[in-house]
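Going by my numbering, the residue at position 506 of the sequence shown is 520; the numbering climbs one at a time, nothing skipped.
Down below is the structure, laid out as structure tokens.
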Amino acid sequence: MTATQTTSAPLPEVLSQAARRRTFAVISHPDAGKSTLTEALALHARVIGSAGAVHGKAGRRGTVSDWMDMEKARGISITSAALQFEYRDAVVNLLDTPGHADFSEDTYRVLTAVDAAVMLIDAAKGLEAQTMKLFAVCKHRGIPVITVVNKWDRPGKDALELMDEVSERTGLVPTPLTWPVGISGDFRGVVDRRDGTYHRFTRTAGGATIAPEEVLPPAAALAREGDAWTTAVEESELLDATEADHDQERFLAGETTPVIFASAVSNFGVGALLDILVDLAPAPTPRPDVEGAARPVEAPFSAFVFKVQSGMDAAHRDRLAYIRIASGVFERGMVVTHATTGRPFATKYAQHVFGRDRESVDTAYPGDVVGLVNANALHVGDTLYADAKVTYPPLTTFAPEHFAVVRGKDTAKFKQFRRGIGQLNSEGVAQVLRSDRRGDAAPVLAVVGPMQFEVAVHRMEQEFGAPVSIDHLPYTIAVRTDAASAPAVAAARGVEVLQREDGELLALFMDKWDLRTLQQRNPELTLEPMVAAQL
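Given below as structure tokens:
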């Protein structure tokens, strides 16, 4: 198939397949249980047979979507995972995201590829700093959010108090679909506010299997749970009085957020979340191109790269580019056009990725996420298309806040050093800055969070065989400048001008006072702020 040929799939099939897709990301503040929920969802969809926490007991395996050694050692998610499975009559594309704030730029990229988000809130901690930033990004991007109050099996805040907190701090109206029976720390089950039934949960050994669920009518629930049931019903009726009921139009418009109560580690409430996603989350819709024109989902094939990752298969040292299908049909082996270069791109090796496990993809539809193997020509933000040309907007690059010089420890391995630094830059692990004064052997890595340095050091040694040392720099702010202003900016005390790999000139300052002083004294200089690290 050439870059100018259309897919053989009939139009009705494209539309019907796209309508089946539910593509969403799981996001949260660190330690809210995000990877645990990802695994629990896969368990309930029968994708895996048993679940195990990252730091579980001896013999329990790590979370299936976490594959990097550092992730397993620390019990956090650094990379993103893309899992696809069928549930009921839907095809679910679940995108896990980095669980640490230091990797928030990667989370933002993942949010460009989804149609909805599941926000986890820790029942004991409520809305934390990262939670608020993520809510803000979803609002900015128009992504509808389903909220999960997680860890209800542990002591925490009052349920009504949490709803007030969501309403007051996010501006979204919480519309609980389920309500807990039993206070936090005594999680017995939930009231389904849509029909008044009681869903009672039973624990399983270590939460490794799906928790049995018993559905009881209100009278039987009262007889079994007594005061706990009465309290839950009274609180649910209080919500009725405040009109906290689900409205699909308001949810899709980003005005409300459906809420459920759950315990991911015990698999309580996870099945309900899957059903809610299938019933309420939107299917793929036309995506605006760089000119603002929306490309219909039934248009010829198009997709964009939202993540590039290497080192997932140590045996092959391959490079995987994750693409989100925006329109048309993807067929393995088709030749498409790379919008950045105008050159043809062959898609011979296309895969779904589940942790370290992979399986070939023959066909994919709008909303699906596909991994293209050995896609060395592709970078984050690139567009691929067939037939009618389209270019989607580039992905945002955030303002780095931490800077360090990186040097190879072994000068004989400079070739490996240079290749590794180039790879980290193209994946977005770090922005690579250079100057004639520092030279190619001592580039500056610029990152949003300091743990990105640790990942860079780890991968340079383990993947590229080029051990490096890191020397931190005192800068905390980066702004854009231009060639005309660069000499004067660089001459200022405590300021350094470096060039990013894409040609952008960045001026680095130690603090905002130095930047403000230079701006006031030299208002003619170009010193433009970068996009703030909103995450």
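Think of the CB as a built atom: it goes at the ideal place given N, C-alpha and C, for glycine as much as any other residue.
Just so it is clear, the structure is predicted and the values come from calculations on it, not from any experiment.
Can you grab the Cα-Cα spacing for the pair residue i / residue j, in whole Å?
i: Gln-534; j: Tyr-489; result: 20 Å
i: Ala-418; j: Val-482; result: 12 Å
i: Leu-29; j: Ile-484; result: 51 Å
i: Pro-407; j: Lys-321; result: 15 Å
i: His-154; j: Ala-426; result: 48 Å
i: Gln-98; j: Leu-108; result: 6 Å
i: Asn-439; j: Val-471; result: 13 Å
i: Asp-206; j: Tyr-212; result: 6 Å
i: Leu-186; j: Met-146; result: 12 Å
i: Gly-508; j: Leu-51; result: 46 Å
i: Met-177; j: Thr-361; result: 47 Å
i: Ala-143; j: Arg-530; result: 27 Å
i: Glu-27; j: Pro-302; result: 22 Å
i: Met-474; j: Ile-435; result: 8 Å
i: Val-420; j: Val-229; result: 59 Å
i: Val-367; j: Val-458; result: 32 Å
i: Asp-172; j: Gly-268; result: 25 Å
i: Asp-347; j: Ala-54; result: Contrary to the premise, residue 347 reads as Gly rather than Asp in this sequence. Their backbone Cα atoms lie some 34 Å apart in a straight line.
i: Gly-210; j: Val-180; result: 24 Å
i: Ala-500; j: Thr-410; result: 23 Å
i: Ser-449; j: Val-375; result: 43 Å
i: Asp-120; j: Pro-231; result: 45 Å
i: Glu-175; j: Arg-183; result: 12 Å
i: Arg-372; j: Val-511; result: 43 Å
i: Glu-415; j: Gly-453; result: 22 Å
i: Gln-445; j: Leu-532; result: 24 Å
i: Arg-341; j: Val-124; result: According to the sequence displayed, residue 341 carries Ser and not Arg. Each residue's alpha carbon lies about 18 Å from the other.
i: Ala-498; j: Asn-536; result: 13 Å
i: Ala-56; j: Val-461; result: 32 Å
i: Glu-248; j: Thr-111; result: 37 Å
i: Gln-262; j: Ala-255; result: 19 Å
i: Ala-96; j: Asp-528; result: 43 Å
i: Ile-90; j: Val-40; result: Its pLDDT being 39, under 50, Ile-90 is placed unreliably by the model, and nothing is read from it.
i: Ser-64; j: Arg-238; result: No answer about Ser-64 holds up, because its pLDDT of 47 lies below 50 and its placement is not dependable.
i: Lys-526; j: Leu-487; result: 16 Å
i: Leu-148; j: Phe-428; result: 39 Å
i: Ala-131; j: Gly-285; result: 17 Å
To the nearest whole angstrom, what separates the beta carbons of residue i and residue j, a pair I think is in contact under 8 Å?
i: Arg-168; j: Gly-203; result: Contact doesn't hold; Cβ gap of about 16 Å is too wide.
i: Pro-190; j: Phe-201; result: The pair is not a contact, with the Cβ atoms about 15 Å apart (cut-off 8 Å).
i: Phe-215; j: Phe-275; result: With a Cβ gap of about 11 Å, Phe-215 and Phe-275 do not count as contacting.
i: Leu-553; j: Ala-59; result: As displayed, the chain neither begins before 15 nor continues past 549, which places residue 553 out of reach and without an answer.
i: Phe-265; j: Asp-129; result: Not really, about 12 Å apart at Cβ, beyond 8 Å.
i: Tyr-122; j: Val-151; result: 6 Å
i: Arg-333; j: Ala-389; result: 6 Å
i: Pro-300; j: Ala-402; result: No, Pro-300 and Ala-402 are not in contact; Cβ-Cβ is about 13 Å, not under 8 Å.
i: Gln-365; j: Leu-447; result: Not confirmed; about 33 Å, so no contact.
i: Val-404; j: Arg-309; result: 5 Å
Can you find the residues in the same chain that come closer than 7 Å, C-beta to C-beta, to residue i, ignoring five residues on each side of it along the sequence?
i: Ala-378; result: Ile-339, Phe-344, Val-384
i: Ala-46; result: Leu-134, Ile-135, Asp-136, Asn-164
i: Ala-32; result: Ala-297, Pro-298, Val-311, Tyr-379, Pro-380, Gly-381
i: Ser-280; result: Asp-167, Arg-217, Gly-221, Ala-225
i: Ala-242; result: Val-195, Gly-196, Arg-202
i: Gly-156; result: Gly-268
i: Ile-290; result: Ile-160, Leu-191, Pro-272, Ile-274
i: Asp-496; result: Leu-519, Thr-540
i: Gly-140; result: Lys-171, Leu-176, Glu-179
i: Thr-354; result: Asp-396
Near residue i, what residues of its chain come up, given a Cβ to Cβ distance below 6 Å and the 5 sequence neighbours on each side ignored?
i: Val-105; result: Arg-34, Arg-35
i: Ser-42; result: Lys-48, Leu-134
i: Pro-272; result: Ile-160, Thr-189, Leu-191, His-260
i: Gln-430; result: Phe-478, Gly-479, Ala-480
i: Glu-100; result: none
i: Ala-335; result: Val-319, Val-322, Leu-386, Ala-389, Leu-392
i: Gly-442; result: Val-394
Which residues in the same chain as residue i place their Cβ atom closer than 8 Å to its Cβ, once the five residues preceding and following it in sequence are excluded?
i: Arg-9; result: The requested residue 9 is not part of the displayed model; the chain covers only 15 to 549.
i: Asp-293; result: none
i: Thr-244; result: Leu-236
Hey, does residue i have any beta-carbon neighbour from chain B nearer than 8 Å?
i: Asp-303; result: Absent from the structure: chain B. Only one protein chain is present.
Next item on the list: May I ask you to verify whether the region 449 to 468 touches the region 535 to 542, counting CB pairs closer than 8 Å and requiring at least 3?
Entry: Using a Cβ-Cβ distance cut-off of 8 Å, the region 449 to 468 and the region 535 to 542 are not in contact, since fewer than three pairs of beta carbons, one from each stretch, lie closer than that value.
Item checked: Those runs of the beta strand (DSSP E) which lie wholly inside the region 510 to 538 and span at least 3 residues -> If we require 3 residues or more, the beta strand (DSSP E) runs fully inside the region 510 to 538 come out as 510 to 514, 519 to 523.
Checklist line | Residue ranges of each alpha helix (DSSP H) within the region 236 to 323, 4 or longer | finding: Within the region 236 to 323, the complete alpha helix (DSSP H) runs of at least 4 residues are 241 to 255, 262 to 266, 284 to 294.
Note to self: Check whether the region 396 to 403 and the region 502 to 515 are in contact - that is, three or more C-beta pairs closer than 8 Å.
What the structure shows: No, the region 396 to 403 is not in contact with the region 502 to 515.
Next item on the list: Ignoring anything shorter than 3 residues or poking outside the region 188 to 220, list the beta strand (DSSP E) runs there in chain order.
Entry: With a minimum length of 3 residues, the continuous beta strand (DSSP E) runs that stay inside the region 188 to 220 are 192 to 195, 203 to 206, 212 to 215.
Item checked: Length at least 4, wholly inside the region 420 to 508: the alpha helix (DSSP H) runs in chain order -> Runs found: 428 to 441, 465 to 476, 500 to 505.
Margin query: What ranges does the beta strand (DSSP E) occupy inside the region 128 to 184, keeping only unbroken runs of at least 3 residues that lie completely in it?
Written below: Listed in chain order, the complete beta strand (DSSP E) runs (minimum 3 residues) inside the region 128 to 184 are 130 to 136, 159 to 164.
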